[in-house]
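J.:
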Amino acid sequence: MLNYQHVRDSYGTDGASTLILPAAKSLYDKFKNLPGAPPQSVQDTVGVIHFERHLSLSTSSGGTFLKFPGRVSCAGVYGAGLAVAGDDSIRISCLCSGNGDDIIKMRLAGFVADLLLRCAQSDEWQDFLAVMVQSIVNHSESTQLSGLSDKHEAIVYVGVIAIIQQGTRTTLAFCHSTESFYFGFIDSAGNREVVLSTQPDESRVGHFVGGQYKL
């Protein structure tokens, strides 16, 4: 894995500090000198799962402001921010958002994709949403979480979306313990739908809500 300090010490930065824009430096200084926590703002992940003749997945990271040099987000780690499992008969595609450090520790996208693949291969009908939520909760309990609630209690702070393709049947399942989760999809008939899922109130952050759609 690339590490900033290693690259810097081995190859130098060639005066990269001169690439810092004045506006970016001003913003950095503003937040660095704040006496308390900054006001909340939107820092969303943007991800896409596209499947037609071929499958394509992509995700980005909203980023962590004032992050340590060399930190790699979950979007840059396969199996953490995104993953695929299965073959042409049954295929699971998964994207994750939220606390990137915890997503990496849990290898969350790969964990969910492998889990749902086993469910889809079962002869019994599976409630993908229920299985996904309970398994993530169980997995988080054995992980040293860095996400914190307003009461400074450790919480799992993630959003997950998965596409389950079984022959001609395609299911979308999602869950999130974040304040909100916003996504859209196009079903097999070409109908478009946009979903904004939210917690009933802020005290529920860290607890999962979710849903399931037939595509």
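With the first letter of the sequence shown counted as 1, position 18 gets the number 16 in the numbering used here; the numbers rise by one all the way through. Virtual Cβ for every residue (Gly too), placed ideally from N, Cα, C.
1. In this structure, does DSSP put residue 158 in helix, strand or coil?
2. Do residue 104 and residue 173 have their CB atoms nearer than 8 Å?
3. Going by beta carbon distance, what residues of the same chain come within less than 7 Å of residue 190, once the five residues before and after it are set aside?
4. Helix, strand or coil for residue 52? Go by DSSP, reduced to three states.
5. With DSSP collapsed to three states, give me the class of residue 95.
6. Tell whether a beta-carbon distance below 8 Å holds between residue 203 and residue 210.
7. From residue 76 to residue 168, what does the alpha carbon distance come to, in whole angstroms?
8. Of the choices 92, 27, 170, 175, whose alpha-carbon is the least far from that of residue 192?
9. From the DSSP output, read off the bridge partner residues of residue 174.
10. For residue 22, report the span of its alpha helix (DSSP H) as first-last.
T.: With the structure as the only source:
1. strand
2. no
3. 182, 184
4. coil
5. strand
6. no
7. 23 Å
8. 170
9. 157, 207
10. 20 to 30
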